[in-house]
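A.B. asks: In terms of the numbering used here, the sequence shown opens at residue 364 and continues consecutively. From the three backbone atoms N, C-alpha and C, an ideal C-beta is built for every residue, glycine too. Quick one: this structure, given as structure tokens, is what I'll be asking you about.
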Amino acid sequence: MLLKGKVAVVTGGTRGIGFEIVRKYLANGARVVLFGSRQETVDKALAKLKEENADWEVEGMHPALTDAAEVEKAILSVKEKFGRIDILVNNAGISQSTPLYDYTPQEFDKVISLNVCALFYTILPTARIMKEQGGGCILNTSSMVSISGQPAGVGYPTSKFAVNGMTLSLARELAKDHIRVNAVAPGVTRTDMVASLPQQVVERISSTIPLGRPGEPEEVASAFLYLASDLASYVTGEVLSVDGACRA
Ligand code: NAD
364 MLLKGKVAVV TGGTRGIGFE IVRKYLANGA RVVLFGSRQE TVDKALAKLK
414 EENADWEVEG MHPALTDAAE VEKAILSVKE KFGRIDILVN NAGISQSTPL
464 YDYTPQEFDK VISLNVCALF YTILPTARIM KEQGGGCILN TSSMVSISGQ
514 PAGVGYPTSK FAVNGMTLSL ARELAKDHIR VNAVAPGVTR TDMVASLPQQ
564 VVERISSTIP LGRPGEPEEV ASAFLYLASD LASYVTGEVL SVDGACRA
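In structure tokens:
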């Protein structure tokens, strides 16, 4: 029970890596509010979690993450209901691989809005709450492409480099308020998107990964558990790769 009594907010918690973070946090004694993009998917995720363990304290909301005012309202309502926020996980994100010559400014803006601006919108009101309560932990989701870039879809690696920059900078700025700020950089992870690829494609991708296979969402979630827990009490400003060494 590494997170007993803690209150966590996890964005993009309805599926994939985010859903596994929510499960792991609940299994370790946290109370969790997951943010999703639609009521329908939020309800589905909550039903699945309650089916697994009816005692888990989990709720869901679907604020538009790219609307700063709506996000602030949602964060304040979590504080109102649970009295505090100990852990914020910024996991929601979109990726694409459009070649530069086909890219539109709108597409670029969309990726940056969700993958970068939305993090700032969740962090600002949450950090104020954490400062007032004496500390907390902020975790962002980066990617292996934040180290090497990627050969198409420039918005996505650009956004993840920005996530690292925000993480390292805020770790330094917020340390005096006892707020730790870290990121996890997953490699190819077997979420729905990867699982739905033809076996041949998965094998080709796997052959480029030193550990020889994609990561499981649960394996990425374990890094989020460690960093949120007191086991990582002296870890801040870290971008932890969970990628089978495929970043090189
Ligand atoms: P996913 O597509 O399975 O889940 C994404 C989550 O983000 C969903 O819960 C979705 O509801 C939410 N989301 C998407 N658009 C949203 C919006 N506009 N508003 C609110 N919520 C929105 O993705 P995943 O693979 O689990 O990825 C989670 C994070 O991990 C992302 O930040 C992604 O960039 C990162 N990541 C994933 C991989 C991978 O291989 N799967 C690798 C590196 C990094």
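Would you list the one or two residues that DSSP bridges to Met424?
C.D. replies: Phe398
A.B. asks: Given that a residue counts as buried once 16 or more other Cβ atoms are within 10 Å of its Cβ, and exposed if not, what is Leu428?
C.D. replies: buried
A.B. asks: Which residues does DSSP pair with Cys500 in a beta bridge?
C.D. replies: Ile450 and Arg543
A.B. asks: Taking just the CA atoms, how far does Ile572 sit from Leu485?
C.D. replies: Note that residue 485 is Thr in the sequence shown, not Leu. Those two C-alpha atoms are separated by around 33 Å.
A.B. asks: Counting pairs of Cβ atoms below 8 Å between the region 369-387 and the region 447-454, do you hit three or more?
C.D. replies: Contact holds: three or more Cβ-Cβ distances are below 8 Å.
A.B. asks: Can you give the beta carbon distance from Val605 to Ala548, rounded, assuming they're within the 8 Å contact cut?
C.D. replies: 7 Å
A.B. asks: With a threshold of 16 other CB atoms inside 10 Å of the CB of Gly399, please say whether the residue is buried or exposed.
C.D. replies: Buried, since its Cβ has 16 or more Cβ neighbours within 10 Å.
A.B. asks: In the DSSP assignment, what are the bridge partners of Thr554?
C.D. replies: The partner list for Thr554 (beta bridge, DSSP) is empty, contrary to what the question assumes.
A.B. asks: Quick one: what does DSSP say Thr374 is sitting in, helix, strand or coil?
C.D. replies: Thr374 falls in the strand class under three-state DSSP.
A.B. asks: On the criterion of 16 or more Cβ atoms from any shown chain inside 10 Å, does Met556 qualify as buried, or is it exposed?
C.D. replies: exposed
A.B. asks: Tell me, which residues are paired with Gly392 by DSSP?
C.D. replies: According to DSSP, which records beta bridges pairwise, Gly392 is partnered with nothing at all.
A.B. asks: Quick check on Gly498: buried or exposed, where buried means 16 or more other Cβ atoms within 10 Å of its Cβ?
C.D. replies: exposed
A.B. asks: Run through DSSP, which three-state label would Ser559 get?
C.D. replies: coil
A.B. asks: Looking at Gly392 and Leu409, is the spacing between their C-beta atoms short of 8 Å?
C.D. replies: no
A.B. asks: Between which two residues does the alpha helix (DSSP H) holding Val508 run?
C.D. replies: Val508 to Ser511
A.B. asks: Can you name the start and end residues of the alpha helix (DSSP H) that Leu533 belongs to?
C.D. replies: Note, Leu533: alpha helix (DSSP H), Gly518 to Leu537.
A.B. asks: What do you reckon, is the C-beta of Asn457 under 7 Å from a heavy atom of the ligand NAD?
C.D. replies: One point to set straight first is that residue 457 is Ile, not Asn, in the sequence displayed. For the ligand NAD, at least one heavy atom lies less than 7 Å from the Cβ of Ile457.
A.B. asks: Beta-carbon separation of Val474 and Val441 under 8 Å?
C.D. replies: If you check the CB distance, Val474 and Val441 do not come in under 8 Å.
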